[in-house]
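Residue numbers (the working numbering): 252 to 594.
First up is the structure itself, then whatever we jot down about it.
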């Protein structure tokens, strides 16, 4: 009695679902302790100290952050890159919410969001627009606090042309550290639309992984990495957070001022189903508090928030879409690759 491929797939999905349920319990029991510097994994704000600082002895150093790169996608990249580089792999854990405004600001500042707001209130944005506009300034402050004086270059690649335009400058030997942020998932989705792969990717995570490999192989990013190898540069590759395909809706009740994200919400008077989400005060999560009585609700496993007004309508729109910001293995467990040129 042989298993069919579909049986195996279902069995794998069941294991992953159970893994995520257990992981959520584990996070609820331990995460707040990790934030108090108790024994735990390296978190977003501890990344620089653990993975970048030890490599500042050999410059220039290239720190490349793929926005929304998941661990399983990294393994596809790894298999391509290992032909060209010696790669030392490691892992770290995204802070919560596992979304760019929190995780990447923490990554580049070396501070929790609460500390960013305490030390540099002018660099913390509460509105939903432009929350990452001060990344470079936060990195400057990190270097100043660490008393590290070196020339750095910061580049956020929103269009591939940005990389082409700065290509030669990025290879200059007199820059100490080069930070390149790549809107990875945006590029992937855009490229999938152009090649009509988008339907397969939206419906099937295997197709998403396969397309990650195809896209990366022919990407300018890969060409750039090979150019760095020719110039014998050391590279650190990582991600700020992953993402998950959401499957189960959970109703959130609260006041009018609730943030719009599907995997995490902040606001006043919030009520949630404890089975599906975690509700905490901002300070417990080391997050800044915008107003008195504000709380954060964060989805577990593959749940997503819907409102009580039109639940069926919201459920239909967002079910099986890729989202981030919540508590899951896919969103929080992230790759670190230290790349050395192969002789």
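All C-beta atoms in this analysis are idealised placements derived from N, C-alpha and C, irrespective of residue type, glycine included.
If I'm right that residue i touches residue j with Cβ under 8 Å, what's the distance once you round it to whole angstroms?
i	j	result
residue 424	residue 592	So it is not a contact: roughly 15 Å between Cβ atoms.
residue 579	residue 495	5 Å
residue 335	residue 480	6 Å
residue 355	residue 383	6 Å
residue 291	residue 281	6 Å
residue 519	residue 321	The pair is not a contact, with the Cβ atoms about 33 Å apart (cut-off 8 Å).
residue 426	residue 402	5 Å
residue 374	residue 391	Actually they do not touch by this definition, with Cβ atoms about 10 Å apart.
residue 344	residue 509	That pair is no contact at about 26 Å.
Is it right to say residue i is buried, meaning 16 or more other beta carbons lie within 10 angstroms of its own, or is it exposed?
i	result
residue 558	exposed
residue 352	buried
residue 260	exposed
residue 219	Since the first residue of the chain shown is 252 and the last is 594, residue 219 is not available in this structure.
residue 511	exposed
residue 395	exposed
residue 475	buried
residue 367	buried
residue 463	buried
residue 469	exposed
residue 574	buried
residue 324	buried
residue 289	exposed
residue 278	buried
residue 385	buried
residue 568	exposed
residue 418	exposed
residue 212	Coverage of the chain is limited to positions 252 through 594, which leaves residue 212 absent and any answer about it impossible.
residue 542	exposed
residue 303	buried
residue 262	exposed
residue 459	buried
residue 571	exposed
So, residue i versus residue j, is the Cβ gap smaller than 8 Å?
i	j	result
residue 432	residue 408	yes
residue 589	residue 338	yes
residue 349	residue 582	yes
residue 504	residue 576	no
residue 404	residue 422	no
residue 537	residue 267	no
residue 497	residue 555	yes
residue 284	residue 435	no
residue 328	residue 448	no
residue 258	residue 358	no
residue 533	residue 342	no
residue 443	residue 430	no
residue 527	residue 560	no
residue 413	residue 499	no
With DSSP as the reference, please indicate the residues paired to residue i in a beta bridge.
i	result
residue 501	556
residue 581	For residue 581, which the question treats as bridged, DSSP gives no partner whatsoever.
residue 515	549
residue 496	573
residue 340	588
residue 431	315 and 406
residue 531	547
residue 523	According to DSSP, residue 523 bridges with nothing at all.
residue 488	315 and 588
residue 349	576
residue 294	344
Any beta-carbon of chain B closer than 8 Å to the one on residue i?
i	result
residue 295	Absent here is chain B; the protein component of the structure consists of one chain.
Pair every Cβ in the stretch 548-559 with every Cβ in the stretch 515-531, then say whether three or more of these pairs are closer than 8 Å.
-> Yes, since at least three Cβ pairs between the stretch 548-559 and the stretch 515-531 fall closer than 8 Å, the two stretches touch.
Indicate whether the contact test is met: 3 or more Cβ pairs, each with one atom in the stretch 354-371 and one in the stretch 295-308, closer than 8 Å.
-> yes
Pairing CB atoms from the stretch 477-493 with CB atoms from the stretch 308-322, are three or more of them under 8 Å?
-> yes
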